[in-house]
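Participant:
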Amino acid sequence: MTEATSSDARVTITYCTQCRWLMRAAWVAQELLQTFRTRLGEVALVPGTDGVFRVELVRSPGEEPMLLWDRKAEGGFPEIPPLKKAVRDAVAPDMALGHTDRVASRD
52 MTEATSSDAR VTITYCTQCR WLMRAAWVAQ ELLQTFRTRL GEVALVPGTD
102 GVFRVELVRS PGEEPMLLWD RKAEGGFPEI PPLKKAVRDA VAPDMALGHT
152 DRVASRD
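Residue numbers (the numbering used here): 52 to 158.
(1) Using the three-state DSSP reduction, which class does Phe87 fall into: helix, strand or coil?
(2) Give the C-beta separation of Glu82 and Ile131 to the nearest angstrom, bearing in mind that I take them to be a contact with Cβ-Cβ under 8 Å.
(3) Going along the chain, which residues of its own chain have a beta-carbon closer than 8 Å to the beta-carbon of Arg122, five neighbours each way excluded?
(4) Where does Thr86 land, buried or exposed, given buried means 16+ other C-beta within 10 angstroms?
(5) State the Cα-Cα distance for the pair Gln69 and Leu96, rounded to the nearest angstrom.
(6) Apply the 10 Å Cβ neighbour rule to Arg90 and answer buried if 16 or more other Cβ atoms are within range, or exposed otherwise.
Structural data, given as structure tokens:
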């Protein structure tokens, strides 16, 4: 089975080190990498401060980052099903997410 690749797509998760959110950021990264496999070229964890938890996507080099989640604007942390749907819509619109599609559509 051949899997479509979008190796230029890059997700950046900026997390607050003061708040000790590394494990949460790593879990979000793991969920995205497990779901999208080679459709993402990279998922980067970027240490920050001041309560930051932001998820951004760049589809190709030189492109402006697409903000997928910002804790300060949205409050709290991203739910995984809608986050996966946003990433899928940007990098692999033909990809089925199975049960995640059903959960995201109820929102």
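The C-beta atom is built at its ideal place from N, Cα and C for all residues, glycine as well.
Facilitator: According to the data block:
(1) helix
(2) 5 Å
(3) Gly102, Val103, Phe104, Arg105, Phe128
(4) Sixteen is the threshold: when 16 or more other Cβ atoms of the shown chains lie within 10 Å of the Cβ of Thr86, as they do, the residue is buried.
(5) One C-alpha to the other measures close to 15 Å.
(6) buried
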